[in-house]
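Student: What follows is a single structure, and I will ask about it in a moment.
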Amino acid sequence: LERTLRFALQPSAFLLPVTGILLITSEFSQRTAMTTLALVPSRSRVLGAKLGAALVVSVAAVTVCFAVSLIAVAIGGDAGSATWSLNAAMIPQALVFVATAMVTGVAFGAALLLSAPAIVAYLLLPTVWSGLAGSIHALSGVARWLDQSETLAPMARHPLSATEWTHALATLAVWMVLPLAIGGWRLMRRDVG
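Numbering (my numbering), first residue to last: 52 to 244.
Structure below.
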């Protein structure tokens, strides 16, 4: 079940952040920000509501992933493993994996406020960082802390150790919290008109 769940979680963690980006940027590209901010003038409440919606979608996506995994194992089995085994730590960890990916998408959308650049930045920057960290020996130590493929991807594979959680939290601070802080600052000061 764990192996099947891992394969079910990967598309969600890849595609949901694009939805998160569009959740924020559509306010400005579709010119609905004037209506939204006229109804709710507190921009922090609007950002909070969008983050809440992103988390609700994340929970729904993880629930669907679990359901699909259960159906897949029931129909075809999980080749080469104990079919119905699932470590209990994987359940909240799967939720954290998908939810942080979704919130990172919202953060990039808020930081750039334009759909296309935000999607490109979300997909390209971590890839460029991984490439640089892999090819420049001086960055190999930092890569353990900031490379999403090394720190966040294991969340879908196995229960993380305390050291792995520390690396994941450092990665999230740079790739999720920093863009969210920049995006929150930009949203509070952006002219709606």
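In this text, a Cβ means the ideal position worked out from N, Cα and C, and glycines have one as well. Note that the coordinates shown come from a computational prediction; the quantities given were computed from them, not determined experimentally.
Are Gly160 and Thr76 touching if we call contact CB-CB under 8 Å?
Tutor: Here residue 160 refers to the residue found at position 109 when the sequence shown is read from its first residue. Here residue 76 refers to the residue found at position 25 when the sequence shown is read from its first residue. Yes, the pair counts as a contact, with Cβ atoms nearer than the cut-off.
Student: Taking the CB atoms as reference points, tell me whether Ala158 and Gly103 lie closer together than 8 Å.
Tutor: The count along the sequence shown starts at 1 and reaches residue 158 at position 107. The count along the sequence shown starts at 1 and reaches residue 103 at position 52. The answer is no: Cβ separation not under 8 Å.
Student: Taking only the alpha-carbon atoms, compute the straight-line gap between Glu53 and Met239 and give it to the nearest angstrom.
Tutor: The count along the sequence shown starts at 1 and reaches residue 53 at position 2. The count along the sequence shown starts at 1 and reaches residue 239 at position 188. If I take the Cα positions, the gap works out to 42 Å.
Student: Mind pulling the alpha helix (DSSP H) runs of 4 or more residues that sit fully within the segment 58 to 107?
Tutor: Listed in chain order, they are 84 to 90.
Student: Measure the alpha-carbon distance for Met206 versus Phe65 and round it to whole angstroms.
Tutor: Mapped onto the sequence shown, residue 206 falls at position 155. Mapped onto the sequence shown, residue 65 falls at position 14. Roughly 14 Å separates the two Cα atoms.
Student: So for His188, helix, strand or coil by DSSP?
Tutor: In the sequence shown, counting from the first residue as 1, residue 188 sits at position 137. Here His188 sits in helix by DSSP.
Student: Using the beta-carbon count (16 or more within 10 Å), is Gln144 buried or exposed?
Tutor: On the sequence shown, position 93 is the one that residue 144 refers to. The residue in question, Gln144, is buried, as its Cβ has 16 or more Cβ neighbours within 10 Å.
Student: Within 10 angstroms of its Cβ, does Leu231 collect 16 or more other Cβ (buried), or is it exposed?
Tutor: Within the sequence shown, residue 231 is the residue found at index 180, counting from 1. When all chains shown are included, Leu231 counts as buried.
Student: Measure the Cβ-Cβ separation of Thr178 and Thr202 and say whether it is below 8 Å.
Tutor: Stepping through the sequence shown from its first residue, residue 178 is reached at position 127. Stepping through the sequence shown from its first residue, residue 202 is reached at position 151. No.
Student: I'd like to check one pair, Arg208 with Arg57: are the Cβ atoms closer than 8 Å?
Tutor: Position 6 of the sequence shown, counted from the first residue, corresponds to residue 57. Position 157 of the sequence shown, counted from the first residue, corresponds to residue 208. Yes, these two residues count as a Cβ contact at 8 Å.
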